[in-house]
Amino acid sequence: MAAEPLTTTVERHFLEHKGHNPHATEEFSWLLSGITLATKIIASYIQRAGLLEIMGATGRINVQGEEVQRLDKFANDTLVRCLGYRGNIGILVSEEDEEPHVIQEAETGKYIILFDPLDGSSNINANVSIGTIFSILQRDPAGGGKDVMAHILQPGRNQVAAGYVVYGSSTVLAYTAGEGVHMFTLDPSIGAYLLAREDVRMPPAGRIYSVNEAYHSSFPGQIQRYLDWAKDTGTYSSRYIGSLVADFHRTLIRGGVFLYPGTKKSPSGKLRLLYEANPLAFVAEQAAGLATDGEHRILDKQPQTMHERTPLIIGSKDEVQRVLSF
Ligand code: AFP
Numbered sequence: 527m528a529a530e531p532l533t534t535t536v537e538r539h540f541l542e543h544k545g546h547n548p549h550a551t552e553e554f555s556w557l558l559s560g561i562t563l564a565t566k567i568i569a570s571y572i573q574r575a576g577l578l579e580i581m582g583a584t585g586r587i588n589v590q591g592e593e594v595q596r597l598d599k600f601a602n603d604t605l606v607r608c609l610g611y612r613g614n615i616g617i618l619v620s621e622e623d624e625e626p627h628v629i630q631e632a633e634t635g636k637y638i639i640l641f642d643p644l645d646g647s648s649n650i651n652a653n654v655s656i657g658t659i660f661s662i663l664q665r666d667p668a669g670g671g672k673d674v675m676a677h678i679l680q681p682g683r684n685q686v687a688a689g690y691v692v693y694g695s696s697t698v699l700a701y702t703a704g705e706g707v708h709m710f711t712l713d714p715s716i717g718a719y720l721l722a723r724e725d726v727r728m729p730p731a732g733r734i735y736s737v738n739e740a741y742h743s744s745f746p747g748q749i750q751r752y753l754d755w756a757k758d759t760g761t762y763s764s765r766y767i768g769s770l771v772a773d774f775h776r777t778l779i780r781g782g783v784f785l786y787p788g789t790k791k792s793p794s795g796k797l798r799l800l801y802e803a804n805p806l807a808f809v810a811e812q813a814a815g816l817a818t819d820g821e822h823r824i825l826d827k828q829p830q831t832m833h834e835r836t837p838l839i840i841g842s843k844d845e846v847q848r849v850l851s852f
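Count the sequence shown with the working numbering and you get residues 527 to 852, in order.
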C-alpha cells in the first residue's frame with residue numbers, strides 16, 4: 527500500500543512495509559511504540575532543558591568512565607520505564623548501566639533492546655544536537671537458555687531492527703527493519719512521528735570527512751595517510767559535531783565518511799559495538815553505505831563483552847572503500 531506521508535506513523539509504516547520480515551507483527555509494533563514514546567518524552571525535556579533543573583552533571587561516573595549528565599540519567603530512566611512493561615521484551619541493555627535489566631526470562635520476552643539513551647551528552651549544555659540510538663535483537667534462537675549474556679552477545683547481522691533519533695533543529699527518527707531506511711519527523715503540535723522520507727539512500731560518494739583530527743598523530747597509519755591525501759586534494763570539507771548520531775545523520779543525508787579509529791591510548795577507539803556501531807552499521811548498509819572497523823565488517827564482529835568498544839569507519843560506500851585502500 528502506498529504510504530501517505532502526513533498520516534503515516536512509525537508503527538503503521540512498519541506494519542505496512544513488512545516485506546519479508548517475519549517480525550513485522552502487531553506485537554513488535556507495540557515494542558516500537560515504547561521507543562517512540564520514550565524518545566518523544568526525551569525530546570520534550572531537551573527542548574526545555576534550560577528551563578528545567580536538568581542541565582549539568584549528576585556527579586556520578588558511568589561504567590564507561592564518563593561523567594553522567596542529569597539528562598543522561600533522565601533519558602535512561604525514561605527508556606527503561608517505557609520499555610520495561612512491554613510483554614515481549616526480555617532484556618534491556620543500556621550504555622548507562624553496567625548490568626543488563628532482565629525483564630523476563632520466559633520465551634515470551636523474546637526481544638532484547640540495546641540502547642545509548644543520550645549520545646553526545648557532553649554537548650547538552652552547548653545546545654548542540656544529541657541523539658538516542660537503539661538496536662533490537664531476538665533472544666538467541668539457536669539456544670542460550672538462561673544464559674543472559676549468550677542472548678546479548680550476538681553479532682550485529684542478527685539485528686531485527688535498529689535506528690536512532692536525532693534531537694536537532696527538528697527531531698528525526700530513522701529506522702530499519704532490514705527493508706530499507708525510513709525517516710520520520712516529530713510533529714510537536716500533535717506529538718507524533720510522521721513519515722518524511724521513505725527508503726533513504728546514502729550518496730555513494732561524498733567529499734566530507736568527519737573525524738576528531740586532534741588525535742591525528744595517534745591514529746593508525748592507514749587513517750593518517752587517508753586524511754593527508756584528502757587534505758592534499760583540496761576538494762574535501764571537514765565536519766565534526768562530536769555527537770555520533772548527528773555526524774552520522776549528516777553523513778547519511780549528504781554522503782562522506784565518519785571515522786572514529788583506535789588511538790595509541792585506546793586501540794579500540796571510543797564507540798561501543800552493541801548499541802552504537804551495530805545499529806548505525808545496520809542503517810548504513812540498508813541505505814547502501816558501508817561500516818567497518820578497518821579490518822572487518824562491523825555487523826560480522828562477534829562481541830565478547832556487553833560494553834566493548836570498536837573502531838568505526840562508516841559512510842558512503844566509495845569513501846569507506848577509499849579509506850581502506852590506504
Ligand atoms: P559523550 O556522550 O560523552 O558526549 O560522547 C559522545 C561520543 O561517544 C560520540 O557521540 C562522539 O562521536 C564521540 O563521543 C566524540 O568523542 P571525542 O570528543 O573524543 O571526539
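Note that beta-carbon positions come from the ideal geometry of N, C-alpha and C, so glycine has one too.
Computed from a prediction, not measured in an experiment: that's the story for all the values here.
With DSSP collapsed to three states, give me the class of S736. For this step, residue 736 is matched to residue 210 along the sequence shown. Collapsing the DSSP output to three states places S736 in a strand.
Just reading off the beta strand (DSSP E) that Y786 is part of, what are its end residues? To locate residue 786, count along the sequence shown from 1; it is residue 260. That run of the beta strand (DSSP E) goes 783 to 786.
Work out the CA separation of S647 and D598 for me, nearest whole Å. The residue labelled residue 598 in the question sits at position 72 within the sequence shown. The residue labelled residue 647 in the question sits at position 121 within the sequence shown. If you draw a straight line from the Cα of D598 to the Cα of S647, it is about 7 angstroms long.
For a test of the three-state rule: what should DSSP assign to V654, helix, strand or coil? Sequence index remark: in the sequence shown, residue 654 carries index 128 (1-based). Assignment of V654 by DSSP, reduced to helix, strand and coil, places it in the coil class.
Would you kindly check if the distance between the Cβ of L712 and the Cβ of A564 is under 8 angstroms? Within the sequence shown, residue 564 is the residue found at index 38, counting from 1. Within the sequence shown, residue 712 is the residue found at index 186, counting from 1. Not in contact: A564 and L712 (Cβ atoms no closer than 8 angstroms).
By Cβ distance below 7 angstroms, which residues in the same chain neighbour Y693 in space, the five residues on each side in sequence not counted? Position 167 of the sequence shown holds residue 693. Answer for Y693: A569, I572, S655, I656, G657, listed in chain order.
Would you mind sorting A740 into buried or exposed? The rule is 16 or more other CB atoms within 10 Å of its CB. Position 214 of the sequence shown holds residue 740. Exposed, by the Cβ-count rule.
Express the C-alpha separation of N602 and N588 in angstroms, rounding to a whole number. Taking the first residue of the sequence shown as 1, we reach residue 588 at position 62. Taking the first residue of the sequence shown as 1, we reach residue 602 at position 76. Rounded to whole angstroms, N588 and N602 show a C-alpha spacing of 12 angstroms.
Excluding the 5 residues flanking P837 on each side, which residues of the same chain have their C-beta closer than 7 angstroms to its C-beta? Position 311 of the sequence shown holds residue 837. Excluding sequence positions up to five before and after P837, its CB lies within less than 7 angstroms of the CB of Y786, P787, G788, S794, G795, D819, G820, all in the same chain and listed in chain order.
Supposed close pair T777, G841 - CB separation, criterion 8 angstroms: By one-based count along the sequence shown, residue 777 stands at place 251. By one-based count along the sequence shown, residue 841 stands at place 315. At roughly 5 angstroms, the Cβ-Cβ gap stays under 8 angstroms, so T777 and G841 are in contact.
Give the DSSP-derived three-state secondary structure of P837 in the structure shown. Taking the first residue of the sequence shown as position 1, residue 837 is located at position 311. DSSP, read as helix, strand or coil, puts P837 in coil.
Where does S695 sit, in a helix, a strand or coil, going by DSSP? Here residue 695 refers to the residue found at position 169 when the sequence shown is read from its first residue. DSSP places S695 in coil when its eight states are reduced to three.
Is the beta carbon of I659 less than 8 angstroms from the beta carbon of P805? To locate residue 659, count along the sequence shown from 1; it is residue 133. To locate residue 805, count along the sequence shown from 1; it is residue 279. Closer than 8 angstroms, so yes.
Just verifying my parser: in three-state terms, what is the DSSP assignment at E589? Here residue 589 refers to the residue found at position 63 of the sequence shown. Sequence check: residue 589 is Val here, not Glu. For V589, the three-state secondary structure derived from DSSP is coil.
Run through the DSSP bridge pairs and tell me what D645 is partnered with. The residue given as residue 645 occupies position 119 in the sequence shown. For D645, DSSP records a beta bridge to G657.
Close Cβ partners of S559 (< 6 angstroms) along its chain, the five nearest in sequence each way excluded: Looking up residue 559 in the sequence shown gives position 33. Cβ contact annotation for S559 (same chain, cutoff 6 angstroms, sequence separation greater than five): E537, in chain order.
If you reduce the DSSP assignment to three classes, tell me which class M675 lands in. Here residue 675 refers to the residue found at position 149 of the sequence shown. For M675, the secondary structure class from DSSP, reduced to helix, strand or coil, is helix.
Taking all protein chains shown into account, decide if P643 is buried (16 or more other Cβ within 10 angstroms of its Cβ) or exposed. One-based indexing of the sequence shown puts residue 643 at position 117. So P643 ends up on the buried side.
C-alpha distance - L541 paired with A550, whole-angstrom precision: Numbered from its first residue, the sequence shown carries residue 541 at position 15. Numbered from its first residue, the sequence shown carries residue 550 at position 24. In a straight line, the C-alpha of L541 is about 6 angstroms away from that of A550.
Once DSSP output is grouped into helix, strand and coil, what is the label at G560? The residue labelled residue 560 in the question sits at position 34 within the sequence shown. Reduced to three states, the DSSP call for G560 is helix.
Under the rule that 16 or more other beta-carbon atoms within 10 Å means buried, what is I874, buried or exposed? Within the shown structure, residues of the chain are numbered from 527 to 852, placing residue 874 beyond reach of any answer.
Considering only the beta carbon of each residue, do L679 and T535 sit closer than 8 angstroms? Counted from its first residue, the sequence shown places residue 679 at position 153. Counted from its first residue, the sequence shown places residue 535 at position 9. Against a cut-off of 8 angstroms, the Cβ pair of T535 and L679 comes out as no contact.
List the endpoints of the continuous beta strand (DSSP E) containing R723. Position 197 of the sequence shown, counting from 1, holds the residue named residue 723. Here the beta strand (DSSP E) through R723 covers 718 to 723.
When the Cα of Y637 is compared with those of Q664, S620, A722, which residue comes out closest? Position 111 of the sequence shown, counting from 1, holds the residue named residue 637. Taking only the C-alpha atoms, the option nearest Y637 is Q664.
Quick check: the Cα distance between Q847 and T604, rounded to an integer number of angstroms? Looking up residue 847 in the sequence shown gives position 321. Looking up residue 604 in the sequence shown gives position 78. Each residue's Cα considered, the two are about 39 angstroms apart.
Provide the residue span of the beta strand (DSSP E) that contains F710, from first to last. Taking the first residue of the sequence shown as 1, we reach residue 710 at position 184. Its beta strand (DSSP E) spans residues 707 to 713.
To the nearest angstrom, report how far apart V606 and R596 are at their CA atoms. Here residue 606 refers to the residue found at position 80 when the sequence shown is read from its first residue. Here residue 596 refers to the residue found at position 70 when the sequence shown is read from its first residue. Straight-line measurement puts the Cα of R596 at about 16 angstroms from the Cα of V606.
Expected contact under 8 angstroms - CB spacing of V849 and Y762 to nearest Å: In the sequence shown, residue 849 corresponds to position 323, counting from 1. In the sequence shown, residue 762 corresponds to position 236, counting from 1. Their Cβ separation, rounded to whole angstroms, is 12 angstroms, which puts V849 and Y762 out of contact at 8 angstroms.
Counting along the chain, where does the beta strand (DSSP E) carrying I615 start and finish? The residue labelled residue 615 in the question sits at position 89 within the sequence shown. Its beta strand (DSSP E) spans residues 615 to 620.
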